[in-house]
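The listed protein sequences correspond, in order, to chains A and B.
Going left to right, the first sequence walks through residues 0 to 418 as numbering that gives the first Met the number 0 numbers them.
Going left to right, the second sequence walks through residues 0 to 418 as numbering that gives the first Met the number 0 numbers them.
Even glycine gets a Cβ: it sits at the ideal position worked out from N, Cα and C.
Worksheet for the structure shown next.
There are 2 protein chains.
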Amino acid sequence: MELELVTIGTELLLGFTVDSNSALVGQLLAGSGIRVARSTSVGDDPAQVTQAVAEALARTRFVITSGGLGPTSDDLTKQAVAQLFQLPLEFHQDIWDQLLARFARMGRKLAEKNRCQAEVPRGATVLPNPRGTAPGLWIAGDLGEVVMLPGPPRELRGLMLDEVLPRLADRGDSSVIRSRVVRTTGIAESAVAERLETAERDLAPLTLAYLAGLDGVDLRLTAWRMPSADAVRLLEVAAEHIRSLLGSHVYGSEEEDLAEHVLHECRGRGLSLAVAESCTGGAIGARLTAVPGSSSVFAGGLIAYADRLKQGLGVPARILEDHGAVSEETVVAMAQGARSRFAVNVGLAVTGIAGPGGGSSDKPVGLVWFGVADDHGVESHRWVFPGSRQEIRARAAQFALWKVWQRVRSAGPVSRQAD
Amino acid sequence: MELELVTIGTELLLGFTVDSNSALVGQLLAGSGIRVARSTSVGDDPAQVTQAVAEALARTRFVITSGGLGPTSDDLTKQAVAQLFQLPLEFHQDIWDQLLARFARMGRKLAEKNRCQAEVPRGATVLPNPRGTAPGLWIAGDLGEVVMLPGPPRELRGLMLDEVLPRLADRGDSSVIRSRVVRTTGIAESAVAERLETAERDLAPLTLAYLAGLDGVDLRLTAWRMPSADAVRLLEVAAEHIRSLLGSHVYGSEEEDLAEHVLHECRGRGLSLAVAESCTGGAIGARLTAVPGSSSVFAGGLIAYADRLKQGLGVPARILEDHGAVSEETVVAMAQGARSRFAVNVGLAVTGIAGPGGGSSDKPVGLVWFGVADDHGVESHRWVFPGSRQEIRARAAQFALWKVWQRVRSAGPVSRQAD
Chain A
0 MELELVTIGT
10 ELLLGFTVDS
20 NSALVGQLLA
30 GSGIRVARST
40 SVGDDPAQVT
50 QAVAEALART
60 RFVITSGGLG
70 PTSDDLTKQA
80 VAQLFQLPLE
90 FHQDIWDQLL
100 ARFARMGRKL
110 AEKNRCQAEV
120 PRGATVLPNP
130 RGTAPGLWIA
140 GDLGEVVMLP
150 GPPRELRGLM
160 LDEVLPRLAD
170 RGDSSVIRSR
180 VVRTTGIAES
190 AVAERLETAE
200 RDLAPLTLAY
210 LAGLDGVDLR
220 LTAWRMPSAD
230 AVRLLEVAAE
240 HIRSLLGSHV
250 YGSEEEDLAE
260 HVLHECRGRG
270 LSLAVAESCT
280 GGAIGARLTA
290 VPGSSSVFAG
300 GLIAYADRLK
310 QGLGVPARIL
320 EDHGAVSEET
330 VVAMAQGARS
340 RFAVNVGLAV
350 TGIAGPGGGS
360 SDKPVGLVWF
370 GVADDHGVES
380 HRWVFPGSRQ
390 EIRARAAQFA
400 LWKVWQRVRS
410 AGPVSRQAD
Chain B
0 MELELVTIGT
10 ELLLGFTVDS
20 NSALVGQLLA
30 GSGIRVARST
40 SVGDDPAQVT
50 QAVAEALART
60 RFVITSGGLG
70 PTSDDLTKQA
80 VAQLFQLPLE
90 FHQDIWDQLL
100 ARFARMGRKL
110 AEKNRCQAEV
120 PRGATVLPNP
130 RGTAPGLWIA
140 GDLGEVVMLP
150 GPPRELRGLM
160 LDEVLPRLAD
170 RGDSSVIRSR
180 VVRTTGIAES
190 AVAERLETAE
200 RDLAPLTLAY
210 LAGLDGVDLR
220 LTAWRMPSAD
230 AVRLLEVAAE
240 HIRSLLGSHV
250 YGSEEEDLAE
260 HVLHECRGRG
270 LSLAVAESCT
280 GGAIGARLTA
290 VPGSSSVFAG
300 GLIAYADRLK
310 QGLGVPARIL
320 EDHGAVSEET
330 VVAMAQGARS
340 RFAVNVGLAV
350 TGIAGPGGGS
360 SDKPVGLVWF
370 GVADDHGVES
380 HRWVFPGSRQ
390 EIRARAAQFA
400 LWKVWQRVRS
410 AGPVSRQAD
């Protein structure tokens, strides 16, 4: 089964509101194996609503709308759709009584202008909406079917779960649309694509989508309309295959953050961690401490933004003078300093040029040095990141977490103490 | 002038990604008086793309698309639109050379499969995209005009501002839809509404929308389709009126971050700043260093997540034992410690319980203490924030910045030195 969505609201077209309802409904339907073929946003204008719904019905014969069911002058969805189906609006006393009772419970009076919310196109099914004042409406006729839902996401979600999905369950087959995300980092989208090129053919009937972001490239595998057990099995096999092709670039799945994995690997080995951040300015600490329970691993660290704070960490003034604050020598001293000053097993350091100013031909904007020190020694990495100041910083924070994750994993499972 | 948007991506219909691009483009166009008549999302399927673009052209003869211009197998927008206009794709050596140079600057190799990104439908205008690898493309033909933009929001935004809007400027009428945002913090939405209750009537013909977020409540004033000069004047007067009613809760306008204002006020007074962060874990440092040029004010600071790091800052063990890490005594010692250890004028400290665990009836989850120390002394504040761990941390970071902003502003304009 497939259908179309029509979201209604002038604020969507003006960009004052982001249309999150389409994504919400799309997700809920996918879980029931129903595909959204298209989603359309139009303004609070009955002619636009009528046209968009009529076109969508002509394509799929089933449309879900959101918005335009409220009591104000710009709420016109019900009128537009009723007219399309040539159905008169009828006042329902029971809906009105329920509205009055609901408002009385909250100690509020219901304005007369709300009476229109008790009007129902003849023959439509009323979908009760305990979370708001406008019920959902389901019209079936020669043109197909239209389910009208209110715009507030909480009400829309409740009506989808309580009223719409149960009614659609009987129509779909037993198939599902299911996805799985493999999260990668430290590798460009084109390089991922190159490594997966031959594998892509073997993935069928699964589809593969690339989603590049500041944390890396997410790979979304999707199983389309198949029995749930088959989908789970195919996705598992495919994710494992991708993992084998991309090695340590794969750090997690779904919405997992790399910081969680860093903490997990450290915790399993009894390792504590501290940071020394220059260009990221606290962003790595913020990522790590965003994870509940991070305090069992993460001690804290220094935001060594000014050079004199780097010196306070034990970076010799001569290194800063001879090699500069953004250099391998400095980042190594920072990582070792973080480890010894904060008495932890692992010290992670970052120093770079986030821009927009401060770059040179030798040291361009985007150049970042990374250092990881543990009781085996210290390693350093140089990388040049593209993008704006914010993007360079976010990418650098992710890269730093990736490097410490790799280092800790490769160090084996034995618990160690700091010197 | 009006046009339609077509956003392309299967992930939009599956609900894995919320379509924020439509809102972004809608907002930018509204500022130029251009109305988006409809916005359509379709999947990564050339037939769907072709159909949606053809239908939109039939209605408005002008379409902007986003997405599907990348190098991977699911990027098919260019092919679909070129076919619709019956234009062959031609390889442009200059685009390819620029891509190679861009990658070389970052010290990386460009995979051969990126060659398709240098292909252009015959006669199309190429819109340079310095922020990414896929240029925008502008096709004009018998069917109308199609502007194809890449999906990543930063690239889309840059191309709209640099290439698309300047070319459309001549086509609109002289009226504009213009908005202005007044940013407030430290006050609840209902309290803002109460203070503005009588003023709201005087705002007509402007409209006022409340947008509550983790940084506070944003107030969006909108002037609808009027001469630009009238809109600017009305918005200015209204913003000033709101400012007078809300006092120091108003910290900025549009997309300004409070961190920028903190740095500005410090810079104007010759004051330097350092932080000591416990529950925010680096988030305040990250906010401050996100601002270019922050190093002239912000020295850095300590992420004092573990108690022993708080002691390293000069918080006596007895205070931690007697009053706990989340207490007025601790935050005062942290603020003073940040100021003296890092030799700055102003020390800002935060310690609290971000949850989800660790709360008690005395010290519930959401309790945060703030300290600001300067050469006049030290002030402390206690606040309990609602929400999840992430929300509590974000709200606490904003509150901390608000308190240091107020303190610095009230200290007068004289430049001071650290002890």
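If the five residues before and after alanine 334 of chain A are omitted, its C-beta is found closer than 7 angstroms to the C-beta atoms of Ala275, Gly346, Leu347, Ala348, Gly370, Val371, Ala372, Val377, all from its own chain and listed in chain order. A direct Cα-to-Cα measurement between glycine 140 of chain A and phenylalanine 61 of chain A gives close to 11 angstroms. For the stretch 15 to 68 of chain A, the full-length beta strand (DSSP E) segments reaching 3 residues or more read 34 to 41, 61 to 65 along the chain.
Pairwise C-beta distances place the stretch 27 to 43 of chain B in contact with the stretch 2 to 16 of chain B, as three or more of them are shorter than 8 angstroms. Taking a beta-carbon distance threshold of 7 angstroms, leucine 262 of chain A does not count as an interface residue toward chain B. Secondary structure at proline 226 of chain B: strand, using DSSP grouped into helix, strand and coil.
If you draw a straight line from the Cα of arginine 107 of chain B to the Cα of lysine 362 of chain A, it is about 16 angstroms long. No Cβ of chain A is located within less than 7 angstroms of the beta carbon of threonine 183 of chain B. Residues Phe90, Trp95 of the same chain have their beta carbon placed closer than 8 angstroms to that of arginine 114 of chain B, with the five preceding and five following residues left out of the count. Per DSSP, isoleucine 186 of chain A lies in no beta strand (DSSP E) segment and is marked neither H nor E. Residue pairing for methionine 147 of chain B: DSSP places it in a beta bridge opposite B:Thr64, B:Leu136.
For a Cβ distance threshold of 7 angstroms, residue set Thr288, Ser294, Phe297, Ala298, Gly299 of chain B lies close to tyrosine 304 of chain A, ordered along the chain.
Counting every other CB atom within 10 Å of its CB across the protein chains shown gives alanine 46 of chain B a total below 16, marking it as exposed.
When 8 angstroms is used as the limit between beta carbons, alanine 51 of chain A is near these residues of chain B: Arg37, in chain order. For aspartate 321 of chain A, the number of other beta carbons within 10 angstroms of its own is below 16, and it is reported as exposed. Within the stretch 226 to 259 of chain A, the runs of alpha helix (DSSP H) at least 4 residues long that lie entirely inside it are, in chain order, 227 to 245.
By the rule that beta-carbons nearer than 7 angstroms mark a contact, methionine 147 of chain B does not touch chain A. Cβ-Cβ distances below 6 angstroms link serine 21 of chain A to Leu4, Thr6, Ser38 in the same chain, with the five nearest sequence neighbours on each side left out; the list follows chain order.
DSSP places histidine 91 of chain A outside both helix and strand once states are collapsed to three, so it counts as coil. Taking 7 angstroms as the CB threshold, aspartate 73 of chain B lines the interface with chain A. By the beta-carbon neighbour count (other beta carbons within 10 angstroms, threshold 16), glycine 365 of chain A is buried. Below 8 angstroms, enough C-beta pairs join the stretch 281 to 288 of chain A and the stretch 257 to 272 of chain A to call them touching: three or more.
A:Val367 is the residue among A:His375, A:Trp404, A:Val367, A:Ser379 whose C-alpha sits nearest the C-alpha of isoleucine 391 of chain A. The shortest C-alpha to C-alpha distance from alanine 123 of chain B to any of B:Asp161, B:Thr132, B:Pro151, B:Val80 is the one to B:Val80. Note: serine 379 of chain B is bridge-paired with B:Gly370 in the DSSP secondary-structure output. Pairing glutamine 26 of chain B with glycine 14 of chain A gives a Cβ-Cβ distance under 7 angstroms.
Each residue's CA atom was taken as its position, placing serine 339 of chain A and arginine 242 of chain A some 36 angstroms apart.
Here the alpha carbons of proline 151 of chain A and arginine 58 of chain B stand approximately 29 angstroms from one another. Taking CB atoms only, proline 385 of chain A has a neighbour in chain B less than 7 angstroms away. Taking the beta carbon of glutamine 26 of chain A as reference, the chain B residues within 9 angstroms of it are Leu13, Gly14, Phe15, listed in sequence order. Rounded to the nearest angstrom, the gap between the Cα atoms of valine 236 of chain A and methionine 159 of chain A is 32 angstroms. For leucine 308 of chain A, the chain B residues whose C-beta falls within less than 9 angstroms of its own C-beta are Ala273, Ala298, Gly299, Gly300, Phe341, listed in chain order. Distances from the CA of arginine 34 of chain B to each of B:Arg224, B:Pro127, B:Ala337 were compared; the closest alpha carbon is that of B:Arg224.
Nearest in C-alpha terms to lysine 112 of chain B, of all of A:Cys278, A:Leu195, A:Gly69, is A:Leu195. For proline 120 of chain A, the enclosing beta strand (DSSP E) starts and ends at 118 to 120. Neighbourhood of aspartate 18 of chain B in chain A, by CB distance below 9 angstroms: Val17, Asp18, Ser19, Ser21, Ala22, Ser38, Ser40, in chain order.
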